[in-house]
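Novice: I'd like to ask you about the structure that follows.
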Amino acid sequence: MQSGFEKLLIKIMRDTYVHKGKRKQLIDYLHQKIGITDSFVLDAMNEVPRHLFIESVFEDYAYEDRAFPIASKQTISHPSTVAEQTELLEVNEGEKVLEIGTGCGYQTAVLIQMKALVYTIERQKDLYNFSTKILRELNLRPKFQSFGDGFAGLPTFAPFDKVLVTCGAEVLPTELLKQLKVGGKMVIPLGKTDEQILYRFTKISDTQFEKEEFGVYKFVPMLQNKSH
């Protein structure tokens with residue numbers, strides 16, 4: 002029977018020089034073609050083995066700018082989307098980041114690689130289980146990982162420096178804004194259709210926010226309550 006260390010070693014060994022080479026090509030693409038300039042974001046994404054977060058059938062395409070289906074009829078976002086929303090968040094080392102929608106854990110891993118203190122929520126039980134396992138195997142540990150309702154946030158751990166919502170909300174979740182520090186930023190896709198507008202809210206005071214718009218994206222919908 003394999004020990005925990007042996008299982009971890011096998012997982013890490015699956016990140017080969019071929020994978021690393023493809024990952025570097027993706028990072029070059031994100032910088033040169035998509036226009037990502039934050040080296041903190043690019044360096045973090047260059048360290049995270051995206052192919053380990055998706056089904057093996059998609060492994061050969063893991064470092065193309067494509068989304069893939071994951072469990073519970075959800076998706077792992079395009080790398081360009083991950084890079085863009087992370088860059089908009091303007092994460093600094095040591096900041097408390099609330100992530101709504103852990104999914105398979107890839108975006109979570111990028112934030113942790115950036116040395117953020119990540120508090121993350123997932124409402125789908127199978128995705129919660131998968132992301133918990135893969136992050137542990139890669140020794141990428143969130144400060145807190147929860148199975149629950151993203152609309153409620155994590156008031157016990159508030160306030161947060163940054164909030165990242167990785168699913169499309171029909172309405173602005175005001176509870177999440179309350180949990181944001183003054184001076185903090187929230188990046189969230191908003192819209193009632195299959196396409197949403199990506200917004201960044203900066204908290205000026207307890208009652209005032211600056212809102213910026215960053216174009217049209219496609220995210221899976223943000224749903225209330227947790228799914229068993």
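If you're matching positions, the sequence shown starts at 2 in our numbering and goes up one per residue. Even glycine gets a Cβ: it sits at the ideal position worked out from N, Cα and C.
1) Smallest Cα separation from Gln-86: which of Phe-202, Gln-146, Leu-181 and Glu-56?
2) Leu-27 and Pro-80 look like a contact to me (Cβ under 8 Å); what is the Cβ gap, rounded to whole Å?
3) With Met-187 as the anchor, note down where its beta strand (DSSP E) starts and where it stops.
4) Determine, using beta carbons only, whether Pro-80 comes closer than 8 Å to chain B.
5) I'd like the span of the alpha helix (DSSP H) that includes Lys-126, first residue to last.
6) Specify the secondary structure class of Ala-159 as computed by DSSP and reduced to three states.
7) For the alpha helix (DSSP H) containing Glu-48, list its first residue and its last residue.
8) Just confirm the distance between the C-beta atoms of Glu-268 and Gly-154, as a whole number of angstroms; I'd bet it's less than 8 Å.
9) I'd like to know whether the C-beta atoms of Val-164 and Met-187 end up nearer to each other than 8 Å.
10) Restricting to Cα atoms, I'd like to know which of Leu-181, Lys-182, Tyr-64 and Val-166 is closest to Pro-190.
11) Check whether the Cβ atoms of Val-221 and Gln-75 lie closer than 8 Å to each other.
12) Alpha carbon to alpha carbon, how far is Arg-137 from Phe-6? Give it in angstroms, no decimals.
13) Grab the span of the alpha helix (DSSP H) containing Leu-89 for me, first residue to last.
14) Do Val-83 and Tyr-107 have their CB atoms nearer than 8 Å?
15) Nearest to Pro-50 by CA position, among Ser-40, Lys-25 and Thr-208, is which residue?
Specialist: Answer, in terms of the structure:
1) Here residue 86 corresponds to residue number 85 of the sequence shown, with the count starting at 1. If we check each option's Cα against that of Gln-86, Phe-202 comes out closest.
2) Taking the first residue of the sequence shown as 1, we reach residue 27 at position 26. Taking the first residue of the sequence shown as 1, we reach residue 80 at position 79. Right, their Cβ atoms sit about 6 Å apart.
3) As a working mapping, residue 187 is identified with position 186 in the sequence shown. First-last of the beta strand (DSSP E) with Met-187: 181–191.
4) No chain B appears in this structure, which consists of one protein chain only.
5) Translated into the one-based positions of the sequence shown, residue 126 becomes position 125. Its alpha helix (DSSP H) spans residues 126–138.
6) Position 158 of the sequence shown, counted from the first residue, corresponds to residue 159. Three-state DSSP puts Ala-159 in coil, outside helix and strand.
7) Locating residue 48 in the sequence shown gives position 47, where the first residue counts as 1. Its alpha helix (DSSP H) spans residues 40–48.
8) Here the chain comprises residues numbered 2 to 229, so residue 268 is not present and cannot be evaluated.
9) Taking the sequence shown and counting its residues from 1, one reaches residue 164 at position 163. Taking the sequence shown and counting its residues from 1, one reaches residue 187 at position 186. Contact: yes.
10) On the sequence shown, residue 190 is found 189 positions in, with the first residue counted as 1. Among Leu-181, Lys-182, Tyr-64 and Val-166, the Cα nearest to that of Pro-190 belongs to Val-166.
11) What you label residue 221 is simply residue 220 of the sequence shown in a count that begins at 1. What you label residue 75 is simply residue 74 of the sequence shown in a count that begins at 1. Against a cut-off of 8 Å, the Cβ pair of Gln-75 and Val-221 comes out as a contact.
12) On the sequence shown, position 5 is the one that residue 6 refers to. On the sequence shown, position 136 is the one that residue 137 refers to. Reliability of the predicted coordinates at Phe-6 is poor, the pLDDT of 41 falling under 50, and the value obtained from them is presented with this limitation in mind. So the two alpha carbons sit approximately 11 Å from each other.
13) Here residue 89 is taken as the residue at index 88 of the sequence shown, counted from 1. Start and end: 80–90.
14) Locating residue 83 in the sequence shown gives position 82, where the first residue counts as 1. Locating residue 107 in the sequence shown gives position 106, where the first residue counts as 1. Taking 8 Å as the Cβ cut-off, Val-83 and Tyr-107 qualify as a contacting pair.
15) Residue numbering aside, residue 50 sits at position 49 when the sequence shown is read from its first letter. With distances taken between Cα atoms, Pro-50 lies closest to Lys-25.
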